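Novice: There's a structure below that I have some questions on.
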Amino acid sequence: MQNDDLAKLVENALEELKAKDVVRIDVKELTSVTDYMIIASGTSGRHVKSLSDNLVEKAKAAGRRPLGVEGQDSGEWVLVDLGDVVVHIMQPATRQFYDLERLWQSAESRRAQQQPTPEAE
Numbered sequence: 002m003q004n005d006d007l008a009k010l011v012e013n014a015l016e017e018l019k020a021k022d023v024v025r026i027d028v029k030e031l032t033s034v035t036d037y038m039i040i041a042s043g044t045s046g047r048h049v050k051s052l053s054d055n056l057v058e059k060a061k062a063a064g065r066r067p068l069g070v071e072g073q074d075s076g077e078w079v080l081v082d083l084g085d086v087v088v089h090i091m092q093p094a095t096r097q098f099y100d101l102e103r104l105w106q107s108a109e110s111r112r113a114q115q116q117p118t119p120e121a122e
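Heads up, the sequence shown is in our numbering, so the first residue is 2 and it goes up one at a time.
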């Protein structure tokens, strides 16, 4: 399964159980740890846990066992590590506090600004 296919599987699994504000960030050029980071919100601790359970079930059915799942006990923030795709499922207040989208997208903007333009070469 290609990384884009895995990311789409993740998005479908999250949307199947009505995850809120699903965002995919391409971090290939920013880190060697993963290719995509997917961030989504659940409406409650129970919803966050259900979203992560469904995601793990769908990934396993597609032959991709998670490398790790963290945070299911609290349901505040669950991280599902699928290797090439890392998924963060959070309650809205936690997501707003940590603001991972801004963190990773501003890193991407800084990287793009540092690359020489074709005219400068």
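Glycine included, every Cβ here is placed at the ideal spot set by N, Cα and C. Note that the coordinates shown come from a computational prediction; the quantities given were computed from them, not determined experimentally.
Does DSSP classify E102 as helix, strand or coil?
Specialist: In this structure, E102 counts as helix in the three-state DSSP scheme.
Novice: At what residues does the alpha helix (DSSP H) containing R65 begin and finish?
Specialist: Segment: none, R65 is in no alpha helix (DSSP H) and carries neither H nor E.
Novice: How would you write the range of the alpha helix (DSSP H) that L15 sits in, first residue to last?
Specialist: Per DSSP, L15 belongs to the alpha helix (DSSP H) from 4-17.
Novice: With a threshold of 6 Å on Cβ separation, who are the neighbours of V88 within its own chain once the five nearest residues in sequence on each side are excluded?
Specialist: Only V11, I39, V81 meet the Cβ criterion.
Novice: Using beta-carbon positions only, say whether N7 and N55 come within less than 8 Å of one another.
Specialist: According to the sequence displayed, residue 7 carries Leu and not Asn. Their beta carbons are not under 8 Å apart, which means L7 does not touch N55 by this criterion.
Novice: Quick one: grab the DSSP three-state call for K29.
Specialist: If DSSP states are grouped into helix, strand and coil, K29 belongs with coil.
Novice: Indicate the three-state DSSP secondary structure (helix, strand or coil) for V49 in the structure shown.
Specialist: In this structure, V49 counts as helix in the three-state DSSP scheme.
Novice: By the DSSP assignment, the beta strand (DSSP E) with D82 in it spans what residues?
Specialist: Note, D82: beta strand (DSSP E), 78-82.
Novice: What did DSSP end up calling D22 once you bin it into helix, strand or coil?
Specialist: Three-state result, D22: strand.
Novice: Among residues of its own chain, excluding the 5 on either side of G84, which ones have a beta-carbon nearer than 6 Å to its beta-carbon?
Specialist: Taken in chain order, the residues that qualify are L68.
Novice: Would you call the segment 96-104 and the segment 43-54 touching, i.e. three or more CB-CB distances under 8 Å?
Specialist: Too few Cβ pairs lie closer than 8 Å, so no.
Novice: Which residue comes first and which comes last in the beta strand (DSSP E) that contains V86?
Specialist: Where V86 is concerned, the enclosing beta strand (DSSP E) stretches over 86-91.
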